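*Asks:* Respectively, the protein sequence lines represent chains D and A.
Okay, so the first sequence: first residue is 240 according to my numbering, each after it adds one.
Okay, so the second sequence: first residue is 123 according to my numbering, each after it adds one.
A virtual CB, placed ideally from N, CA and C, is assigned to each residue, including glycine.
It should be emphasised that the depicted structure is a prediction, and the values quoted were computed from it without experimental measurement.
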Amino acid sequence: MDILSSLMDGFATALTPMNLLYALIGVILGTAVGVLPGIGPAMTVALLLPVATVLEPTSAFIMFAGIYYGGMYGGSTTSILLNTPGESSSVITAIEGNRMAKAGRAAQALATAAIGSFVAGTIGTTLLVVFTPIVVDFAVSLGSPSYFAIMILALLAVTAVLGESRLRGFASLGLGLAIGLVGIDSVTGQRRLTFGQPLLADGLDIVVIAVAIFAVGEALWVAAHLRRTPLQIIPVGRPWMGKQDWKRSWKPWLRGTAYGFPFGALPAGGAEIPTFLSYVTEKRLSKHPEEFGKGAIEGVAGPEAANNAAAAGTLTPMLALGLPTNATAAVMLAAFVQFGIQPGPLLFENEGPLVWALIASLFIGNTLLLLVNLPLAPLWAKLLRLPRPYLYAGILFFATLGAYSVNLQAFDLVILLVLGALGFMMRRFGLPVLPLILGVILGPRVEGQLRKTLQLSAGDVSGLWSEPIAIVVYIIVALVLVWPLLFKAWRRARPTRVAAAGPVTGGPVGDRSTADRSAAESPSVDSPTATRHRQADVSDGQENADAPKVTHVNHGQEKQ
Amino acid sequence: MTSLASRLKGRSELGVAALLGAAGALVLLDAARLVTPYSQSDPVGPKTVPIIVGALLLVCSVWLAVNVLRGGHGEAEGGEDIDLTHPADWKTILPLAGAFIANILLIDWAGWVISGTVLFWGSVWALGSRHYVRDGLISLALALLTFYGFYLGLGIPLPAGLLEGIL
Chain D
240 MDILSSLMDG FATALTPMNL LYALIGVILG TAVGVLPGIG PAMTVALLLP
290 VATVLEPTSA FIMFAGIYYG GMYGGSTTSI LLNTPGESSS VITAIEGNRM
340 AKAGRAAQAL ATAAIGSFVA GTIGTTLLVV FTPIVVDFAV SLGSPSYFAI
390 MILALLAVTA VLGESRLRGF ASLGLGLAIG LVGIDSVTGQ RRLTFGQPLL
440 ADGLDIVVIA VAIFAVGEAL WVAAHLRRTP LQIIPVGRPW MGKQDWKRSW
490 KPWLRGTAYG FPFGALPAGG AEIPTFLSYV TEKRLSKHPE EFGKGAIEGV
540 AGPEAANNAA AAGTLTPMLA LGLPTNATAA VMLAAFVQFG IQPGPLLFEN
590 EGPLVWALIA SLFIGNTLLL LVNLPLAPLW AKLLRLPRPY LYAGILFFAT
640 LGAYSVNLQA FDLVILLVLG ALGFMMRRFG LPVLPLILGV ILGPRVEGQL
690 RKTLQLSAGD VSGLWSEPIA IVVYIIVALV LVWPLLFKAW RRARPTRVAA
740 AGPVTGGPVG DRSTADRSAA ESPSVDSPTA TRHRQADVSD GQENADAPKV
790 THVNHGQEKQ
Chain A
123 MTSLASRLKG RSELGVAALL GAAGALVLLD AARLVTPYSQ SDPVGPKTVP
173 IIVGALLLVC SVWLAVNVLR GGHGEAEGGE DIDLTHPADW KTILPLAGAF
223 IANILLIDWA GWVISGTVLF WGSVWALGSR HYVRDGLISL ALALLTFYGF
273 YLGLGIPLPA GLLEGIL
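#1: Examine the Cβ distances between the stretch 652-669 of chain D and the stretch 238-246 of chain A and report whether three or more of them are shorter than 8 Å.
#2: Would you kindly work out how many angstroms separate the C-alpha atoms of A:R133 and D:P506, rounded to a whole number?
#3: Name the residue from D:I319, D:V284, D:A281, D:A299 whose alpha carbon lies nearest to the alpha carbon of D:G538.
#4: Using a Cβ-Cβ cut-off of less than 7 Å, list which residues of the stretch 168-201 of chain A approach chain D; keep chain order.
#5: In angstroms, rounded to a whole number, what distance separates the CA positions of A:H195 and A:V184?
#6: So, is the C-beta of D:T770 closer than 8 Å to a C-beta in chain A?
#7: With a threshold of 6 Å on Cβ separation, who are the neighbours of D:N198 within its own chain once the five nearest residues in sequence on each side are excluded?
#8: Using 8 Å for Cβ pairs, my map puts D:V375 next to D:F578. What's the rounded Cβ distance?
#9: What residues from chain A crowd round D:V293, counting only those whose CB sits closer than 9 Å?
#10: How is the alpha helix (DSSP H) around A:A187 delimited, first residue to last?
#11: How many Å lie between D:M247 and D:E590 at the Cα?
#12: Quick one: what does DSSP say D:I278 is sitting in, helix, strand or coil?
#13: Under DSSP, the alpha helix (DSSP H) around D:F575 begins and ends at which residues?
#14: Anything in chain D within Cβ reach of A:I236, meaning under 8 Å, just list it in chain order.
#15: Give me the residue from D:S425, D:L420, D:M302, D:I634 with the minimum Cα distance to D:T433.
#16: To the nearest angstrom, how far is the alpha carbon of A:E135 from that of D:L401?
#17: Note down, in chain order, each residue of its chain lying with its Cβ closer than 6 Å to the Cβ of D:I389, except the 5 sequence neighbours on either side.
#18: For D:E529 and chain A, any beta-carbon pair shorter than 8 Å?
#19: Can you grab the Cα-Cα spacing for the pair D:L800 / D:A559, in whole Å?
#20: Between the C-alpha atoms of D:A253 and D:L260, what's the straight-line distance to the nearest angstrom?
#21: Give every residue of the same chain whose Cβ lies closer than 6 Å to the Cβ of D:E760, excluding the five residues on either side of it in the sequence, and list them in chain order.
#22: Report yes or no: is there a C-beta of chain A within less than 8 Å of the C-beta of D:R731?
#23: Could one say the Cβ of A:V255 lies closer than 8 Å to chain D's Cβ atoms, at least one of them?
#24: Anything in chain A within Cβ reach of D:A463, meaning under 8 Å, just list it in chain order.
#25: Which term fits A:A140, buried or exposed, when burial requires 16 or more other beta carbons within 10 angstroms of its beta carbon?
#26: Please determine if the stretch 406-425 of chain D and the stretch 622-642 of chain D are in contact, where contact requires at least 3 C-beta pairs separated by less than 8 Å.
#27: In chain D, what lies closer than 8 Å to A:A145 by C-beta?
#28: Quick test of the definition: if touching needs 3 or more C-beta pairs under 8 Å, does the stretch 670-688 of chain D touch the stretch 486-499 of chain D?
#29: Starting from the beta carbon of A:V246, find every residue of chain D whose beta carbon is closer than 8 Å, and list them in chain order.
#30: Shortest alpha-carbon distance to D:V475 belongs to which of D:G456, D:A642, D:L615?
#31: Using only alpha-carbon positions, find the residue among D:M257, D:R407, D:A340, D:G509 that is nearest to A:N189.
#32: Under 8 Å, Cβ to Cβ, is there at least one residue of chain D near A:M123?
#33: Take the Cβ of D:R477 as the centre, count every other Cβ of all protein chains shown within 10 Å, and call the residue buried at 16 or more, exposed below.
#34: Going by C-alpha to C-alpha distance, which of D:T692, D:Y518, D:A642 sits closest to D:S383?
#35: Taking D:E706 and D:S411 to be in contact with their CB atoms under 8 Å, please state how far apart those CB atoms are, rounded to whole angstroms.
#36: Please state if the CB of A:D152 and the CB of D:R467 are separated by a distance shorter than 8 Å.
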């Protein structure tokens with residue numbers, strides 16, 4: 240077993256005392272920022288990028304892995320103890336979790352979320368170990384035309400599928416691509432969009448962009464609308480579960496994992512849809528359907544597992560293809576580049592030890608999360624009481640410090656403020672942030688592949704579809720773009736029946752049996768698009784009558 | 123004219139469309155300036171992608187303007203600490219931006235310890251804390267800690283500025 244021995248080597252690297260310490264720091268830091276409003280894992284990784292350059296790449300990525308999983312976990316703690324979820328993937332957890340907490344079962348809600356996250360994260364990481372090498376074997380045979388097509392698909396899928404408004408997604412993508420253009424053109428050496436400013440010739444630093452959009456933009460936006468009445472935080476002791484709770488939790492954990500991983504692995508799959516699917520499934524299958532809406536433990540266990548499995552799934556395209564599909568993965572990809580590591584299918588070949596150590600540390604981080612967080616939950620609850628002026632002033636302070644320390648020039652802080660204002664505006668007018676970040680990071684690579692493709696075909700445009708995979712991907716791209724229009728037309732033609740028809744067509748769902756069952760039993764869910772249109776169709780099925788109402792607007796992204 | 127004025131009222135989102143349009147025009151103008159040397163090895167040239175991006179921005183600009191005039195609007199982002207029931211509080215944002223700009227102006231001349239203290243203290247004040255002395259002490263402690271932490275721990279020398287020699 241080649242994979243197994245590589246993985247064992249990875250564990251050997253990750254289990255050295257120093258690297259274990261970095262994993263622990265990552266897990267604690269990740270949970271803390273996940274719990275705190277206003278900051279999330281992507282921003283934390285971005286802020287730590289300049290600091291991490293003094294570390295070994297392996298240690299840095301072990302820490303990032305801890306932050307990644309810790310952030311997911313912290314988000315669920317907040318949504319259980321506070322009524323307002325910080326990220327769209329915890330909206331569902333908040334519905335039942337907060338009800339449970341209000342009914343005096345906060346400890347059980349936190350426990351099922353923590354243990355479910357551990358189960359889902361471990362299974363998800365195992366699936367990652369199994370599937371990623373397969374994807375890599377497939378990916379190394381692909382040429383530039385296919386890569387170009389796949390990247391276009393990732394950009395368009397994130398832009399068009401996630402979020403409330405496709406138009407605003409494309410606007411955000413355009414801005415990101417424009418920012419990505421700034422600097423010297425790598426082929427001809429000409430300066431683009433630098434306006435004669437020598438400091439712009441090297442392009443804008445990804446750390447500065449990410450910190451500006453995520454941290455400064457968010458801090459300014461919250462400052463403008465700061466809640467002046469204190470939030471109600473439910474006090475909690477040490478999480479624990481009774482026998483009955485275990486019995487009611489383990490099946491939802493496994494089903495949630497089966498939903499989460501495949502969706503996470505898809506470009507634009509995200510964590511929002513699987514958490515919702517899991518909730519609906521659990522509600523259908525539960526022996527206590529009357530408890531849903533009043534704090535059913537299944538409604539916390541399933542969606543939380545789906546959320547974490549999706550987080551693991553997201554790493555498959557990131558490691559195998561160099562394609563990030565959420566904000567944290569995007570910033571981690573930028574970190575690879577910063578360390579001079581070329582992301583893509585050759586990553587496993589060229590940087591095998593590092594990648595396997597990263598994967599091993601995902602297992603370790605997951606276990607640490609469980610060990611650390613069960614006893615620390617009361618402490619995390621206290622963290623929520625941090626006075627808001629200090630929290631947001633601290634975010635601005637560390638954002639400034641992180642951005643300045645990259646190049647030690649005040650000019651970067653001007654960029655930080657300008658892009659921070661852009662981030663503020665995007666939040667004000669509902670432009671999603673993720674397409675912008677992906678545009679900045681993937682834009683230059685897409686252009687590189689385009690130029691390489693046409694170089695190989697000597698300028699002949701048909702070179703773009705010279706590989707069969709490329710053609711298949713373009714067909715999917717066309718479907719992604721046209722699907723909502725077709726759906727709208729169809730719904731107009733058959734206004735009342737639409738949501739009751741149709742099997743799961745949203746994409747390759749790994750566990751067909753689970754997916755089909757849920758499709759048969761919950762007619763309201765037939766595709767990601769349908770999920771978003773669901774609220775309009777509430778009258779269709781009785782299941783919908785008290786299905787969770789997702790009113791929280793975060794444009795299909797987890798907290799950055 | 124009055125109907126135009128009434129249609130524009132409450133449509134601040136048109137500013138976003140204008141910004142997208144300006145950005146698109148800027149990208150296209152900049153692309154027009156580039157020279158494309160004929161080259162076998164680079165048939166795409168440096169212009170193609172900027173033209174596509176500029177066009178995308180212009181299309182989005184027009185599309186958004188139409189969408190807004192027909193009554194569409196983007197939904198403001200929610201969050202744990204966000205209360206969207208009151209309008210944007212410029213009395214918080216402007217001092218906050220002021221503290222940020224003060225830091226930019228001061229950092230190279232006065233050094234991080236002074237500018238960072240000003241930044242944190244100013245931000246906390248802008249956000250509503252009125253414990254002047256306690257906040258000042260916290261600010262100074264944070265700035266000093268990060269200065270020495272970066273210097274000793276990471277080998278990154280943040281500017282000492284006016285306090286050169288003392289720190």
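*Replies:* This is what the structure holds:
#1: no
#2: 34 Å
#3: D:I319
#4: P168, V171, P172, V175, L178, L179, C182, W185, L186, N189, G196, E197, A198, E199, G200, G201
#5: 14 Å
#6: Model confidence at D:T770 stands at a pLDDT of 40, short of 50, so the residue's coordinates are unreliable; what they give is reported in the following sentence. Cβ-Cβ to chain A under 8 Å: no for D:T770.
#7: Residue 198 of chain D is absent from the structure shown; chain D starts at 240 and stops at 799.
#8: Not confirmed; about 20 Å, so no contact.
#9: G275, L276, G277, I278
#10: 170-191
#11: 15 Å
#12: coil
#13: 566-577
#14: Within chain D, no residue comes near A:I236; the closest Cβ sits about 14 Å away, beyond 8 Å.
#15: D:L420
#16: 21 Å
#17: V712
#18: no
#19: The question about residue 800 of chain D has no answer here: the residues shown for chain D are numbered 240 through 799.
#20: 10 Å
#21: With a pLDDT of only 39 at D:E760, under the threshold of 50, the placement of this residue in the model should not be trusted; the figure read from the coordinates follows. Once the five neighbours on either side are set aside, the close Cβ partners of D:E760 are R523.
#22: no
#23: no
#24: A210, D211, W212, T214, I215
#25: exposed
#26: no
#27: G413, L414, A417
#28: no
#29: P628, Y629, A632
#30: D:L615
#31: D:R407
#32: Below a pLDDT of 50, predicted positions are generally treated as unreliable, and A:M123, at 46, falls in that range; the measurement from the model is reported next regardless. No, its Cβ sits nowhere closer than 8 Å to a Cβ of chain D.
#33: exposed
#34: D:T692
#35: With a Cβ gap of about 30 Å, D:E706 and D:S411 do not count as contacting.
#36: no
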